[in-house]
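Just below is one structure, and these are the notes that go with it.
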Amino acid sequence: MSVEVEVVQGDITRIAVDAIVNAANEGLRGGGGVDGAIHRAGGPAIMAECRALGGCATGDAKATTAGDLPARHVIHAVGPVWHGGDRGEDDLLASAYRRSVEVAVQLDCSSISFPAISTGIYGFPIERAAPIALSTALAAAGAAGGDRLLVFVLFSAGDLEVYRAAL
Ligand code: ADP
Numbered sequence: 023m024s025v026e027v028e029v030v031q032g033d034i035t036r037i038a039v040d041a042i043v044n045a046a047n048e049g050l051r052g053g054g055g056v057d058g059a060i061h062r063a064g065g066p067a068i069m070a071e072c073r074a075l076g077g078c079a080t081g082d083a084k085a086t087t088a089g090d091l092p093a094r095h096v097i098h099a100v101g102p103v104w105h106g107g108d109r110g111e112d113d114l115l116a117s118a119y120r121r122s123v124e125v126a127v128q129l130d131c132s133s134i135s136f137p138a139i140s141t142g143i144y145g146f147p148i149e150r151a152a153p154i155a156l157s158t159a160l161a162a163a164g165a166a167g168g169d170r171l172l173v174f175v176l177f178s179a180g181d182l183e184v185y186r187a188a189l
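Residue numbers (the numbering used here): 23 to 189.
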């Protein structure tokens, strides 16, 4: 029983894992950023499944299949919009990572990739988000038991450095 963590720079749609976590919105309607990239690369099957899910609350996560992506599932996680940090953002971000791991584990996924949820359009400062992402996902995977590989995929070299420092 072990949990391994990798922190890499790249495009999350190009890395093969069992489950790719998406930084989605409450409507599961698709959008810009990593969400747009996942739907573009995965094809229309993912959006067709999303429409049937009836949305997803902030802090929660729901799964679809992965369409044309090199994965079995996409886990659509909804992180909080940043409002300055006094509106429960930290807990909601942690919850989004915890629920993503729980849903992936329920689907028997051993390798899971994560983007830096909420740190793009939603404005959550990445220096504050990184330790929450790493510690919460690690704790949830540890609690689930079994062998897991958690891959944190950062789009920019600067974001990669922030995650390396947080590790
Ligand atoms: P949110 O709305 O949750 O803030 P965004 O998609 O705007 O989500 O940003 C989340 C993070 O995903 C940002 O750090 C952004 O740079 C990154 N990102 C965007 N496209 C990709 C991609 N193809 N692979 C990995 N990360 C990506």
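For glycine and all other residues, C-beta sits at the position ideal for the given N, C-alpha and C. Since the structure is predicted, the reported quantities are computational estimates derived from the model, not experimental observations.
- Task: Have a look at 29, 145, 156, 78 and flag the residue whose alpha-carbon is nearest the alpha-carbon of residue 183.
- Result: Along the sequence shown, read from residue 1 onward, the residue named residue 183 stands at position 161. Comparing Cα positions, the closest option is 29.
- Task: Closer than 7 Å by C-beta to residue 148: which residues in its own chain qualify, once you throw out the five before and the five after it? Chain order, please.
- Result: On the sequence shown, position 126 is the one that residue 148 refers to. Taken in chain order, the residues that qualify are 138, 141, 181, 184.
- Message: Using 8 Å as the threshold, is the C-beta distance between residue 95 and residue 44 below it?
- Response: As a working note, residue 95 is residue 73 in the sequence shown. As a working note, residue 44 is residue 22 in the sequence shown. No, Cβ-Cβ distance for residue 95 and residue 44 is not below 8 Å.
- Message: Can you look up residue 214 in the DSSP assignment and give me helix, strand or coil?
- Response: This structure gives no information on residue 214, because the portion of the chain shown stretches from 23 to 189.
- Message: Nearest by alpha-carbon distance to residue 132: which of 35, 83, 41 is it?
- Response: The residue given as residue 132 occupies position 110 in the sequence shown. Checked all of 35, 83, 41; the closest Cα to residue 132 is 41.
- Hey, would you say the C-beta of residue 119 is under 7 Å away from at least one heavy atom of ligand 1? As a position in the sequence shown, residue 119 is number 97, starting the count at 1. Residue 119 Cβ: outside cutoff for every heavy atom of ligand 1.
- What first and last residue would you give for the beta strand (DSSP E) that runs through residue 28? Sequence index remark: in the sequence shown, residue 28 carries index 6 (1-based). Segment 25-31, the beta strand (DSSP E) holding residue 28.
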